[in-house]
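Mind the numbering: the sequence shown is residues 2 to 650 in this note's numbering, read in order.
Every residue gets a Cβ at the ideal spot worked out from N, C-alpha and C, and that includes glycine.
Please read these numbers as outputs of a predicted model, since none were measured by experiment.
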Amino acid sequence: MATKWVTEKDEKGYYWPSDEMKKYANMADVDIFKKASQNPEEFWAEKAKENIHWFEPFSKAYEWNPPHFKWFIGGKTNASYNCLDRHVISGKGDKTAIIWVPEPTEEKAVKISYAELLEKVKKFSNILKKLGVKKGDRVGIYLPMIPEVQIAMLACARIGAIHSVCFSAFSGDSLKTRLIDSNAKVLITSDGYYRRGKPLNLKNNADIAVEGTSVEHVIVVKRAGVEVEMKEGRDHWFHELMEEASNECEAEKMDSEDYLFILYTSGTTGKPKGIVHETGGYLTQADLTCRWLFDLHEEDVFWCTADVGWITGHTYNCYGPLSVGATLLLFEGAPDYPDKDRWWKEIEEHKVTIFYTAPTAIRMFAQWGDSYVKKHDLSSLRLLGTVGEPIDEDAWMWFFETVGGSRCPIIDTWWQTETGAVMISELPGIGPFIPTVAGKPLPGVKAEIVDEGKNPVSGGEGGYLILKSPFSPGMLRTVYNDDEKYVKTYFTEYGPEIYFTGDGARWFDEENIRVTGRIDDVMKVAGHRLSTGEVENAIASHEKVSECAVVPKPHQIKGEVPVAFVVLKGVEPSDELKQELVAHVRKEIGPTAKPEEIYFVNDLPKTRSGKIMRRMLKSLLTNQPLGDATTLQNAETIKHLKEVTGYEG
Ligand code: WT7
Numbered sequence: 002m003a004t005k006w007v008t009e010k011d012e013k014g015y016y017w018p019s020d021e022m023k024k025y026a027n028m029a030d031v032d033i034f035k036k037a038s039q040n041p042e043e044f045w046a047e048k049a050k051e052n053i054h055w056f057e058p059f060s061k062a063y064e065w066n067p068p069h070f071k072w073f074i075g076g077k078t079n080a081s082y083n084c085l086d087r088h089v090i091s092g093k094g095d096k097t098a099i100i101w102v103p104e105p106t107e108e109k110a111v112k113i114s115y116a117e118l119l120e121k122v123k124k125f126s127n128i129l130k131k132l133g134v135k136k137g138d139r140v141g142i143y144l145p146m147i148p149e150v151q152i153a154m155l156a157c158a159r160i161g162a163i164h165s166v167c168f169s170a171f172s173g174d175s176l177k178t179r180l181i182d183s184n185a186k187v188l189i190t191s192d193g194y195y196r197r198g199k200p201l202n203l204k205n206n207a208d209i210a211v212e213g214t215s216v217e218h219v220i221v222v223k224r225a226g227v228e229v230e231m232k233e234g235r236d237h238w239f240h241e242l243m244e245e246a247s248n249e250c251e252a253e254k255m256d257s258e259d260y261l262f263i264l265y266t267s268g269t270t271g272k273p274k275g276i277v278h279e280t281g282g283y284l285t286q287a288d289l290t291c292r293w294l295f296d297l298h299e300e301d302v303f304w305c306t307a308d309v310g311w312i313t314g315h316t317y318n319c320y321g322p323l324s325v326g327a328t329l330l331l332f333e334g335a336p337d338y339p340d341k342d343r344w345w346k347e348i349e350e351h352k353v354t355i356f357y358t359a360p361t362a363i364r365m366f367a368q369w370g371d372s373y374v375k376k377h378d379l380s381s382l383r384l385l386g387t388v389g390e391p392i393d394e395d396a397w398m399w400f401f402e403t404v405g406g407s408r409c410p411i412i413d414t415w416w417q418t419e420t421g422a423v424m425i426s427e428l429p430g431i432g433p434f435i436p437t438v439a440g441k442p443l444p445g446v447k448a449e450i451v452d453e454g455k456n457p458v459s460g461g462e463g464g465y466l467i468l469k470s471p472f473s474p475g476m477l478r479t480v481y482n483d484d485e486k487y488v489k490t491y492f493t494e495y496g497p498e499i500y501f502t503g504d505g506a507r508w509f510d511e512e513n514i515r516v517t518g519r520i521d522d523v524m525k526v527a528g529h530r531l532s533t534g535e536v537e538n539a540i541a542s543h544e545k546v547s548e549c550a551v552v553p554k555p556h557q558i559k560g561e562v563p564v565a566f567v568v569l570k571g572v573e574p575s576d577e578l579k580q581e582l583v584a585h586v587r588k589e590i591g592p593t594a595k596p597e598e599i600y601f602v603n604d605l606p607k608t609r610s611g612k613i614m615r616r617m618l619k620s621l622l623t624n625q626p627l628g629d630a631t632t633l634q635n636a637e638t639i640k641h642l643k644e645v646t647g648y649e650g
């Protein structure tokens, strides 16, 4: 019988860690929250010293000059050294760092040891140097889920270059915006990748993106054997460069506050923001959450299904698990290829112990039915995790019972691209695990729920989720090239001393938080973050569109989907035009952003000052009362909108 890591449900509907789990878990001390909150700065300083290798120690833990802060002042470290060298030096060179599972089932899984990974990273670091990349330069990465992505990230970290990863399913235009904003010198991409058995071309997108930017060199990994054009002098094959590269390359001694990477994410405006994470603090928090929250032990196999193009992939498919010296599984493909049991097959085959995924995937699998899961022995699993959006009770229970066999705790981890690592969750050795509830701020994290006047709310009342100083070490330092935006987005709503998350939340009981979702113009589409403004910009850039409004609509599997209301420039609406607009959005942003429905309308509801009332459109789609229409400059449009959409509102 497989071990039961969780108790039966108690009378309140809570699950708790079993005695076995409490004994096994890296952190099971219930007093840890109190200890850490008495002096968070001291707490983090202790963790940074304990878990991270510093070439030179830091003199002070925290410096605060609202709304800016710094961690581990004067400390010198290197993320690549912490993720690789120190494990090899301590004799763990033969341990598997990455189990790479290619999508085509004819290809065997590849195991890469820490020593092998280190050698590759050293070689690739030398290649970057040879191409002129220096400390502080930006490097774009546009790669699928292949180990070269970690090699590229860690090589940048090793030489002090700042990487900026762009999700491979984003379009060439999206990549271009990011390359321009970060002024990247080099781009690392691949010829293509496999998706549901078909090789897709990625290099073509990269070519579109690079044109007219500061990128001087493009390094291309050969993955899918698709035909690509290599531009003489600019484009280089990864494998050819690797053959000649030397494997000696010392890790650069980076200041704790030196930038480690930029990751672009959607905000409330049309343009993605470059979220900046620095070295020492980010690593400390990525590392600690892997030890305490994902409870990584020597023998674990950790599978985080997130693409490296997102922060979840950065922190839990690269820096966190490698910093603690764990084994991670990297899967190239789609969850339903060649069949809908692919994930469960891989869990069985590689004896995955910790499995971290998104509610949207869980809902999809639940809909496909239990049989795909039941075909496989999942008794290796010890801990399950979710992230990205609120999880509903049905999905939670399905994950718990069907995947976890009612044996494994589920940690519902709340965090953001901006926070760098998990901020709110239960700890597996402490609990409780409550369906739909994320849990407590982690030790050393200060979160609160407040009303509009900054007063803490109590009971089940809803409010805004905020974070307070000392802001945890892994949090963003600024928005790249736009510190004003950093201040405005995060530290203006409640003043320079309070970080505004953009999320609504409520206390589920006195200790545990339920996060209810975004309260701004950010959507979560299948867990992917998108702003309504971005999709609006894409649609509005079409020559036949006069103006448009995009709002999220609830969706059974994806959580939310974008719906567009479009006013045309005097052309006749048609189904072809709808298709054209969908294709246009795919091209501008990527397939995740494509509108689920498009309504051609005469006019959009607007306030007297001309602001589009998106809230009203949202209410219409969910058959909610539309609210006061008398403040509109064009109240007559409501009747028209109801007719066109068929919704009652
Ligand atoms: C937004 C951040 C960093 C993880 C991946 C998403 C939502 C995230 C949860 C959760 C409810 C959640 C929030 C947050 N979110 N985790 N466990 N429960 N909502 O990162 O793309 O930056 O999105 O995702 O709305 O603000 P992201």
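Near the ligand WT7: valine 388 beta-carbon under 6 angstroms from a heavy atom: yes
Arginine 196 to alanine 252 span [Cα, whole Å]: 35 angstroms
Limits of the unbroken beta strand (DSSP E) element including arginine 179: Looking at the DSSP string, arginine 179 is not in any beta strand (DSSP E); the run it does join, the alpha helix (DSSP H), is 173 to 183.
7 angstroms Cβ cutoff met for glutamate 104 and glycine 334: yes
C-alpha gap between histidine 54 and cysteine 319, whole angstroms: 17 angstroms
Beta-carbon proximity check, lysine 525 vs glutamate 561, cutoff 7 angstroms: yes
Aspartate 395 CB to nearest heavy atom of the ligand WT7 below 6 angstroms: no
Cβ-based neighbour list, glycine 461, same chain, cut-off 6 angstroms, excluding 5 preceding and 5 following: Arg507
Glutamine 286: CB within 6 angstroms of a non-hydrogen atom of the ligand WT7: no
Any non-hydrogen atom of the ligand WT7 within 6 angstroms of valine 516 CB: yes
Beta bridge counterpart(s) of leucine 201 as assigned by DSSP: Per DSSP, Tyr194.
Whether glycine 528 touches alanine 359 by CB criterion (7 angstroms): yes
Beta-carbon proximity of valine 187 to histidine 164, cut-off 7 angstroms: no
Separation of proline 553 from aspartate 340, as counted between CA atoms: 30 angstroms
C-alpha gap between alanine 565 and valine 572, whole angstroms: In this structure, the CA atom of alanine 565 is about 17 angstroms from the CA atom of valine 572.
Beta-carbon gap between proline 145 and serine 175 smaller than 7 angstroms: no
Cβ-heavy atom distance, aspartate 413 to the ligand WT7, below 6 angstroms: At a threshold of 6 angstroms, aspartate 413 counts as near the ligand WT7, since its beta carbon sits closer than that to one of the ligand's heavy atoms.
Delimiting residues of the beta strand (DSSP E) encompassing proline 555: Under the DSSP assignment, proline 555 falls in the beta strand (DSSP E) whose first and last residues are 546 to 556.
Whole-angstrom distance between tyrosine 194 and alanine 367, CA atom to CA atom: 28 angstroms
Nearest residue (CA-CA) to leucine 323, options Leu119, Phe601, Gly647 and Lys36: Leu119
heavy atom of the ligand WT7 below 6 angstroms from threonine 313 C-beta: yes
Buried versus exposed, by CB contacts within 10 Å (16 or more), phenylalanine 295: buried
Status (buried if at least 16 other CB within 10 Å, exposed otherwise) for arginine 179: With a threshold of 16 other beta carbon atoms within 10 Å, arginine 179 meets it and is buried.
Distance cut-off 6 angstroms: arginine 519 Cβ against heavy atoms of the ligand WT7: yes
For glycine 505 and leucine 477, believed in contact at Cβ under 8 angstroms, the rounded distance: Between glycine 505 and leucine 477 the Cβ distance is about 21 angstroms, and since that is not below 8 angstroms, they are no contact.
Inter-stretch contact (C-beta, 8 angstroms, three-pair minimum) for the region 343 to 354 and the region 377 to 388: yes
At least three beta-carbon pairs within less than 8 angstroms, the region 198 to 210 to the region 108 to 118: Cβ pair count under 8 angstroms is below three, so no.
Below-7 angstroms beta-carbon distance, threonine 420 vs any chain D residue: Looking at the structure shown, chain D is missing, and only one protein chain is on hand.
Residues near lysine 447 by beta carbon distance below 6 angstroms, same chain, minus five either side: Taken in chain order, the residues that qualify are Lys469.
Distance between phenylalanine 356 and isoleucine 152 (C-alpha atoms, nearest Å): Approximately 23 angstroms, taken between the alpha carbons.
Reduced DSSP category for cysteine 250 - H, G, I as helix; E, B as strand; rest coil: Residue state, collapsed to three classes: coil.
Which of helix, strand or coil DSSP assigns to isoleucine 142: strand
Cross-strand partners of proline 457 (DSSP beta bridge): Val451
Rounded straight-line distance, which links the Cα of valine 216 to that of cysteine 157: 16 angstroms
Proximity test, threonine 418 beta-carbon vs the ligand WT7 heavy atom, cut-off 6 angstroms: yes
Buried or exposed (CB count within 10 angstroms, at least 16 for buried), tryptophan 344: buried
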